[in-house]
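Student: Letter 233 of the sequence shown, counting from 1, is numbered 1218 in the numbering used here, and no numbers are missing.
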Amino acid sequence: MGEQPHYTGRLLISCPDRPGIVAAVSGFLFAQRANIVSSHQYSSDPSGGRFFLRTEFFLPDGCDRAALAEVFAEEVADRFEMDWQLRWWGERRRTAILVSRQDHCLLDLLWRRRRGELDTDIVAVISNHPDLERETLAAGVPFHHVPVPDGGKAQAEERMLELLEGNAELLVLARYMQVLSDGFLARIGMPAINIHHSFLPAFPGAEPYRRAHERGVKLIGATAHYVTARLDDGPIIDQDVVRVDHRQGVEELERVGRDVERLVLSRAVSLHLQDRVLPDGRRTIVF
């Protein structure tokens, strides 16, 4: 027997804030005989800011979903200049993963998907190294080795675009140690989520944990964010930190860092798949 639905529809809204938005949305859903079971809202500024809403509701059996969306656009969304999405229970999105040699984030995502903790189908793992093929195939996920030789970045990205086109709605960089070009990001047609340590900008580049150890850091952290053309500058989805001290060597700091990275990335992916992340310029609203 399948999982019992938690809702019928999920409505996401972003628009200029003004009086009457909540009344218009709830009144529309009431007219459709919908039962609202979850609702979160936020205004960045009641005077001239933006309004954000995430609501879940049940509809009576036999409701014409296409007609409901069309009427909502005409009666509510257009009037309030809304950016909006309407998702339905059971519409599972497809996720593709980019990875290099480090396995901790990839294996954590595969494990959580197998346990049902991530509401997605992982349709492909693409890597510039062959090291993680066995672990990926053992999880029942196709593995694609796309090397990136010196001078061959453009050809590698074209191959990745071929593999992704029409096959996924989310791209996750699970410690993919290549910088994606602006052209690639403009053409993938889906959000991309990246994970990295939170030593930036103090310790960029190679061996950040060794330099952090030399400086005697007291916190190890990780940041998950959407990928944009500006390197490591996209809107932040989730972060976390763990306290460390002088007794822990470089290897121990790296182990702590891997643990934080995989937890933060899995949380960020889960939040995205649950439509709890709404963009607000260079930041995010996370319900």
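Even glycine gets a Cβ: it sits at the ideal position worked out from N, Cα and C.
1. Going by C-alpha distance, which of 1021, 1157, 1128, 1170 is nearest residue 1146?
2. Is residue 1166 buried or exposed, if buried means 16 or more other CB atoms sit within 10 Å of its CB?
3. Tell me which same chain residues have a C-beta within less than 8 Å of the C-beta of residue 1201, skipping the five on either side of it?
4. My assumption, with CB atoms under 8 Å, is that residue 1160 sits in contact with residue 1085. Please give the rounded CB distance.
5. For residue 986, count neighbouring C-beta atoms within 10 Å of its own C-beta (all shown protein chains included) and say buried if the count is 16 or more, exposed if not.
6. Can you grab the Cα-Cα spacing for the pair residue 1029 / residue 1130, in whole Å?
7. So, with DSSP's three-state summary, where would you put residue 1161?
8. Pairing CB atoms from the segment 1130 to 1141 with CB atoms from the segment 1063 to 1070, are three or more of them under 8 Å?
9. What are the uninterrupted segments assigned as alpha helix (DSSP H) that are 4 or more residues long and contained completely in the segment 1038 to 1078, given in chain order?
10. Between which two residues does the alpha helix (DSSP H) harbouring residue 1197 extend?
11. What's the C-alpha gap between residue 1153 and residue 1184?
12. Tell me whether the beta-carbon of residue 1204 lies closer than 7 Å to the beta-carbon of residue 1235.
Tutor: Per the coordinate set shown:
1. Among 1021, 1157, 1128, 1170, the Cα nearest to that of residue 1146 belongs to 1170.
2. Exposed.
3. Short of 8 Å from the beta carbon of residue 1201, and not among the five residues preceding or following it, lie these beta carbons of its own chain, in chain order: 1231.
4. Going by Cβ atoms, the distance from residue 1160 to residue 1085 rounds to 6 Å, so yes, they are a contact pair.
5. With a pLDDT of only 49 at residue 986, under 50, the local geometry of the prediction cannot be trusted, and the value read off the model is given with reservation. Looking at its Cβ environment, which holds fewer than 16 other Cβ atoms inside 10 Å, residue 986 is exposed.
6. For residue 1029 and residue 1130, the distance between alpha carbons rounds to 44 Å.
7. Coil, per DSSP.
8. Judged by Cβ distances under 8 Å, the segment 1130 to 1141 makes no contact with the segment 1063 to 1070, as fewer than three pairs qualify.
9. Correct list: 1050 to 1057.
10. In the DSSP assignment, residue 1197 falls within the alpha helix (DSSP H) that extends over 1193 to 1200.
11. Spanning the alpha carbons of residue 1153 and residue 1184 requires a straight line of approximately 31 Å.
12. In this structure, the beta-carbon distance from residue 1204 to residue 1235 does not fall below 7 Å.
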